[in-house]
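First up is the structure itself, then whatever we jot down about it.
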Amino acid sequence: MSVPYTNTELIGATKSSTSAAASPFVIAVQLAHISVFPDVVNACLLVFVISAADSDIYVGSRTLYGLARDGQAPRIFQCTNTKGVPLWGIGLTSLFTTLAYMNVTEDSSTVFGYLISLVTVFGLFISKGWSTSCPSRC
Numbered sequence: 001m002s003v004p005y006t007n008t009e010l011i012g013a014t015k016s017s018t019s020a021a022a023s024p025f026v027i028a029v030q031l032a033h034i035s036v037f038p039d040v041v042n043a044c045l046l047v048f049v050i051s052a053a054d055s056d057i058y059v060g061s062r063t064l065y066g067l068a069r070d071g072q073a074p075r076i077f078q079c080t081n082t083k084g085v086p087l088w089g090i091g092l093t094s095l096f097t098t099l100a101y102m103n104v105t106e107d108s109s110t111v112f113g114y115l116i117s118l119v120t121v122f123g124l125f126i127s128k129g130w131s132t133s134c135p136s137r138c
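Number 59 in full-length UniProt numbering belongs to position 59 of the sequence shown; there are no gaps in the numbering.
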């Protein structure tokens, strides 16, 4: 399955559409006249996004817990429930997920772009730190 480069739905996706229906995968399935498959693709994308968000909240809360345990973050992040879940860390990292709603208006899309760039740069710094510290521990 492929989408012709002249397809109007694909061309419109680059301009103003923010719907998942503008995905090339969904457009290819619609052109193949498979009626239920676009919904399946969108459901799969939703599951993937929720899974990624869940793992990011897990990593963020455990990082705050580790920093608090080492004395590099406020002690409140060291508190856990009876099962060892750092609830304060989950709360703080979950608050950052609300920043995604900042992109609802067009005026804030520039600031949201800055935040995405900032997260990307921090990810590169962390990757560089891991790559230099892991070989030194071997």
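We put the CB at the ideal spot given by N, CA and C, even for glycine.
Q: Report yes if the C-beta distance between residue 26 and residue 49 is below 7 Å; otherwise report no.
A: no
Q: Classify residue 173 as buried or exposed, calling it buried when 16 or more other Cβ atoms lie within 10 Å of its own Cβ.
A: The question about residue 173 has no answer, for the chain in this structure spans 1 to 138.
Q) Can you list, in chain order, the stretches of the alpha helix (DSSP H) that have 4 or more residues and sit fully within the segment 4-76? A) Along the segment 4-76, the alpha helix (DSSP H) occurs as fully enclosed runs of 4 or more residues at 8-13, 24-31, 37-69, listed in sequence order.
Q.
Just verifying my parser: in three-state terms, what is the DSSP assignment at residue 85?
A. Note: residue 85 maps to coil in three-state DSSP.
(Q) residue 61 and residue 93 - do their beta-carbons sit closer together than 7 Å? (A) yes
Q.
Quick check: the Cα distance between residue 83 and residue 32, rounded to an integer number of angstroms?
A. 49 Å
Q.
At the level of alpha carbons, what is the spacing between residue 59 and residue 6?
A. 42 Å
Q: Quick one: using the 10 Å Cβ neighbour count with 16 as the cut-off for buried, is residue 23 buried or exposed?
A: buried
Q.
What would DSSP say about residue 108, mapped onto helix, strand or coil?
A. Residue state, collapsed to three classes: coil.
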